[in-house]
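>
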Amino acid sequence: MGTIRLTTAQALVKFLNHQYIHADGEEFPFVEGVFNVFGHGNVLGIGQALEQDSGHLKVIQGKNEQGMAHAAIAYSKQKLRKKIFALTSSSGPGSANLTTAAATALANNIPVLLLPADTYATRQPDPVLQQVEQEHSMAITTNDALQPVSRYWDRVQRPEQLMSSLIRAFEVMTDPAKAGPATVCISQDVEGEAFDFDEEFFQKRIHYVDRPLPTERELQGAVEKIKASKKPLIVAGGGVKYSEAREALTAFSKEYDIPLAETQAGKSAVEHSFKNNLGGLGITGTRAANQAAQEADLVIGIGTRYTDFATSSKTVFDFKKAAFLNINVSRMQAYKLDAFQVVADARTTLEQLMPLLEGYKSQHGSSIQERKQEWTRERERLRSITFNRENFDPEIKGHFSQEIMNEYADTLGTEFPQTNALLTANQAVDEDAVVVCAAGSLPGDLQRLWETNTPNTYHLEYGYSCMGYEISGALGVKLAEPDKEVYAAVGDGSFLMLHSEFITSLQYHEKINILLFDNAGYGCINNLQMDHGGGSYHCEFRTANHDIVNIDYAKVAEGYGAKVYRANTEEELKAAIEDAKKQDCSTLIEMKVLPKTMTDGYKGSWWNLGVAEVSERESIQEAYAFKEKMLETAKKY
Numbered sequence: 025m026g027t028i029r030l031t032t033a034q035a036l037v038k039f040l041n042h043q044y045i046h047a048d049g050e051e052f053p054f055v056e057g058v059f060n061v062f063g064h065g066n067v068l069g070i071g072q073a074l075e076q077d078s079g080h081l082k083v084i085q086g087k088n089e090q091g092m093a094h095a096a097i098a099y100s101k102q103k104l105r106k107k108i109f110a111l112t113s114s115s116g117p118g119s120a121n122l123t124t125a126a127a128t129a130l131a132n133n134i135p136v137l138l139l140p141a142d143t144y145a146t147r148q149p150d151p152v153l154q155q156v157e158q159e160h161s162m163a164i165t166t167n168d169a170l171q172p173v174s175r176y177w178d179r180v181q182r183p184e185q186l187m188s189s190l191i192r193a194f195e196v197m198t199d200p201a202k203a204g205p206a207t208v209c210i211s212q213d214v215e216g217e218a219f220d221f222d223e224e225f226f227q228k229r230i231h232y233v234d235r236p237l238p239t240e241r242e243l244q245g246a247v248e249k250i251k252a253s254k255k256p257l258i259v260a261g262g263g264v265k266y267s268e269a270r271e272a273l274t275a276f277s278k279e280y281d282i283p284l285a286e287t288q289a290g291k292s293a294v295e296h297s298f299k300n301n302l303g304g305l306g307i308t309g310t311r312a313a314n315q316a317a318q319e320a321d322l323v324i325g326i327g328t329r330y331t332d333f334a335t336s337s338k339t340v341f342d343f344k345k346a347a348f349l350n351i352n353v354s355r356m357q358a359y360k361l362d363a364f365q366v367v368a369d370a371r372t373t374l375e376q377l378m379p380l381l382e383g384y385k386s387q388h389g390s391s392i393q394e395r396k397q398e399w400t401r402e403r404e405r406l407r408s409i410t411f412n413r414e415n416f417d418p419e420i421k422g423h424f425s426q427e428i429m430n431e432y433a434d435t436l437g438t439e440f441p442q443t444n445a446l447l448t449a450n451q452a453v454d455e456d457a458v459v460v461c462a463a464g465s466l467p468g469d470l471q472r473l474w475e476t477n478t479p480n481t482y483h484l485e486y487g488y489s490c491m492g493y494e495i496s497g498a499l500g501v502k503l504a505e506p507d508k509e510v511y512a513a514v515g516d517g518s519f520l521m522l523h524s525e526f527i528t529s530l531q532y533h534e535k536i537n538i539l540l541f542d543n544a545g546y547g548c549i550n551n552l553q554m555d556h557g558g559g560s561y562h563c564e565f566r567t568a569n570h571d572i573v574n575i576d577y578a579k580v581a582e583g584y585g586a587k588v589y590r591a592n593t594e595e596e597l598k599a600a601i602e603d604a605k606k607q608d609c610s611t612l613i614e615m616k617v618l619p620k621t622m623t624d625g626y627k628g629s630w631w632n633l634g635v636a637e638v639s640e641r642e643s644i645q646e647a648y649a650f651k652e653k654m655l656e657t658a659k660k661y
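In terms of the numbering used here, the sequence shown is residues 25 to 661.
#1: Assuming GLY216 and LEU68 form a contact by the criterion Cβ under 8 Å, report the distance between their Cβ atoms to the nearest whole angstrom.
#2: Quick one: what does DSSP say PHE299 is sitting in, helix, strand or coil?
#3: Am I right that TYR443 and ARG407 are in contact with their C-beta atoms under 8 Å? What's the rounded C-beta distance?
#4: Starting from the Cα of HIS423, find the closest Cα among ASP555, SER211, SER524 and ALA462 and give me that residue.
#5: Leaving aside the five residues before and after VAL247 along the sequence, list all residues of the same chain whose C-beta is less than 8 Å from its C-beta, in chain order.
#6: If you draw a straight line from the alpha carbon of PHE52 to that of ILE613, how long is it in whole angstroms?
#7: Report the residue from GLU240, THR567, LYS345 and ALA358 whose alpha carbon sits nearest the alpha carbon of ALA201.
#8: If we count Cβ pairs, one from each stretch, closer than 8 Å, do we get three or more for the stretch 616-634 versus the stretch 534-552?
#9: Taking DSSP as the reference, what is the three-state secondary structure of TRP474?
#10: Pick out whichever of THR308, LYS396, GLY309 and PHE440 has its Cα sitting closest to the Cα of PHE411.
#11: For TYR486, does the three-state DSSP call read helix, strand or coil?
#12: Which ranges would you report for the alpha helix (DSSP H) in the stretch 339-415 if only whole runs of at least 4 residues count?
#13: Using beta-carbon positions only, say whether VAL233 and ILE45 come within less than 8 Å of one another.
#14: Would you say VAL514 and ILE536 are within 8 Å of each other, going by their C-beta atoms?
#15: Give me, in chain order, the residues of the same chain whose beta-carbon lies closer than 7 Å to that of TRP630; leave out the 5 immediate sequence neighbours on both sides.
#16: Under 8 Å by Cβ, that's how I've got ARG371 and ARG235 pegged, so tell me the actual separation to the nearest angstrom.
#17: Within a Cβ cutoff of 8 Å, which residues of the same chain sit near GLY585, ignoring the five residues on either side of it in sequence?
#18: In angstroms with no decimal places, state the Cα-to-Cα distance between THR308 and THR287.
#19: Which residues share a DSSP beta bridge with TYR532?
#20: Could you check if ARG329 is buried or exposed, using at least 16 other CB atoms within 10 Å of its CB as the buried criterion?
#21: Spell out the partners DSSP gives GLU286 in its beta bridges.
#22: What separation, rounded to the nearest whole angstrom, lies between the Cα atoms of THR481 and THR400?
#23: Helix, strand or coil, according to DSSP, for ILE420 in the structure here?
#24: How would you call ASN569, buried or exposed, if buried means at least 16 neighbouring beta carbons within 10 angstroms?
#25: Go to LYS82, then tell me how far its beta strand (DSSP E) extends in each direction, as first and last residue.
#26: Beta-carbon separation of THR31 and ALA218 under 8 Å?
#27: Can you grab the Cα-Cα spacing for the pair ASN430 / GLU594, in whole Å?
#28: Among PHE276, GLN34, GLU56 and GLY26, which has the Cα closest to the Cα of ALA504?
#29: Please classify GLN185 as buried or exposed, where buried requires at least 16 other C-beta atoms within 10 Å of its C-beta.
#30: In the DSSP assignment, what are the bridge partners of GLU582?
#31: Would you mind sorting GLN451 into buried or exposed? The rule is 16 or more other CB atoms within 10 Å of its CB.
#32: Compare the C-alpha of ASP321 against each of LYS299, LEU305 and LEU349 and name the closest.
#33: What are the partner residues of MET615, as DSSP defines its beta bridges?
#34: Would you call the CB atoms of PRO479 and ARG270 closer than 8 Å?
#35: Under 8 Å: do the stretch 273-285 and the stretch 447-467 share three or more Cβ pairs, one atom per stretch?
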């Protein structure tokens with residue numbers, strides 16, 4: 025083998041073009057493209073390399089480093105972690121902007137390659153523009169902030185370091201058990217420095233994603249646990265999607281009459297219409313799923329991290345009678361809740377368990393269907409709730425007085441409840457459309473109410489619940505699903521937080537649709553403070569004169585070049601969605617919705633929060649006492 029003389033950045037781009045993934049007999053390029061915001065730390069290095077020869081890589085100009093990174097994360101998530109985008113940013117604030125997105129990827133176990141520029145390896149021009157300085161170390165740069173939020177992190181200060189660094193990064197990103205963000209910081213002078221790279225480094229490199237098999241001991245232990253149970257429950261997490269275990273899971277559930285509940289990451293791994301699917305579990309769950317959890321004597325967690333929302337802060341299960349069986353490729357996750365561990369691929373494990381359980385049947389009987397039907401009736405009841413100006417006694421939330429609710433109705437010009445708007449949208453969109461969300465009250469409404477009957481059409485970033493992910497995420501999903509309509513369900517708070525990549529969608533003709541629910545504030549957090557005895561404090565959007573802020577978001581989007589709609593009734597919303605389907609450009613549908621009209625929790629949906637132990641308010645004292653009572657039922661590990 026000979027050598028090729030390239031700059032470090034040119035070698036990087038050439039290497040990215042030759043990385044392939046092999047999964048279930050299929051082989052395809054792993055890196056789809058590169059998002060960029062060019063600055064003085066990367067435009068002359070990686071920018072030059074991409075301009076000279078980008079190969080098959082799509083090069084997309086982002087508008088905000090966090091936004092483009094969230095788009096890359098959503099792309100990989102929608103592609104079930106089998107393809108990625110890389111990201112390049114300038115040094116200093118450009119790199120710092122990646123930190124939030126890196127944490128989002130880490131919390132969700134999503135592979136993405138971050139390539140932030142770094143300060144000069146030679147240190148001769150120091151301190152350069154946008155460089156931070158520390159008295160105790162010359163080696164610390166802005167990029168060190170990315171270390172705790174990266175699955176893999178490295179700094180390249182010599183061209184030859186690139187080779188081992190990238191190979192290690194790709195090993196991490198293609199490992200299902202520890203997939204996450206890989207950060208390779210490259211000193212900006214080194215990006216342009218030449219080196220004689222071995223040709224072998226640029227040969228086609230295949231990363232095999234094999235399915236870890238369960239051991240005989242694990243299978244026998246799982247069989248014993250299941251056969252000993254009378255009322256087991258399956259908790260389907262994101263690992264069910266990534267394992268593509270839908271068929272195996274539905275067959276397993278149906279054969280042994282075991283109901284299943286979904287986490288936010290697991291929703292739409294199995295369609296809503298599947299007879300044993302009871303919907304979301306925990307704080308944002310359905311009454312049906314939580315009831316099944318409370319009576320379960322065995323919880324079979326498949327590809328789940330058991331976050332506090334899924335477990336209702338460890339109170340949704342009866343730990344006096346419930347045992348746990350966890351199937352997960354991650355040994356750490358398999359150990360959760362002191363479970364019997366099967367450290368293996370979900371689909372393979374379910375397929376191998378099927379014949380070993382012959383003759384077993386749960387004792388749920390008709391209760392699964394009865395609970396599912398009862399929840400269907402509750403869903404329809406929620407849709408029928410309307411606003412009454414004379415006597416507002418909402419069945420969902422009731423913290424605001426009649427006077428305040430009327431003020432919102434008059435200022436925003438609406439009587440549209442959020443639940444009605446969401447259910448109307450669910451009915452109007454195509455069955456294979458993908459909905460994207462991340463934060464606020466909408467994830468709870470979506471997990472309870474949004475019905476998905478096409479697999480992998482529910483895309484919630486709830487590992488980090490990062491405000492501002494929604495619109496960037498919709499762009500990433502559209503890149504992954506170009507033939508589907510993609511909807512970002514976003515509150516006004518998240519829209520204000522970050523919507524820069526909406527412009528990118530317009531620029532590159534990657535059509536997305538924004539469903540903007542405007543209740544003039546951080547409604548979810550306002551509920552949280554008032555639910556726990558507090559007042560309405562700095563969560564509503566009000567002026568210094570205490571007037572409600574009424575923003576014309578449709579006009580903002582129109583200025584960007586989007587097709588916009590204003591819909592404050594069911595009829596207007598249906599018409600807007602139907603017309604939006606006909607458009608070639610991105611759209612925004614602005615809905616003014618009343619605050620306090622989102623769904624509330626059902627039994628089993630308690631959340632452990634840091635309520636003030638000392639307060640002059642009797643309502644806060646009561647909230648703290650209730651918290652202490654609930655903690656007595658929670659498992660301690």
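Every residue gets a Cβ at the ideal spot worked out from N, C-alpha and C, and that includes glycine.
On the basis of the supplied data:
#1: 6 Å
#2: Per the sequence shown, residue 299 should be read as Lys rather than Phe. Three-state result, LYS299: coil.
#3: Note on residue identity: the sequence assigns Thr, not Tyr, to residue 443. With 8 Å as the limit, THR443 and ARG407 qualify as a contact, their Cβ atoms being about 7 Å apart.
#4: ASP555
#5: LEU377, LEU380 and LEU381
#6: 37 Å
#7: ALA358
#8: yes
#9: coil
#10: PHE440
#11: coil
#12: 355-358, 370-377 and 391-407
#13: yes
#14: no
#15: SER336, SER337, THR339 and MET654
#16: 7 Å
#17: LEU530 and CYS609
#18: 9 Å
#19: DSSP output for TYR532 lists no bridge partner at all.
#20: buried
#21: ALA260 and GLY304
#22: 20 Å
#23: The predicted model places ILE420 with a pLDDT of 49, which falls under 50 and marks its position as unreliable; any figure quoted below should be read in that light. Coil.
#24: exposed
#25: 82-85
#26: yes
#27: 20 Å
#28: GLU56
#29: buried
#30: GLU582 is not bridged to any residue.
#31: exposed
#32: LEU349
#33: PHE541
#34: yes
#35: no
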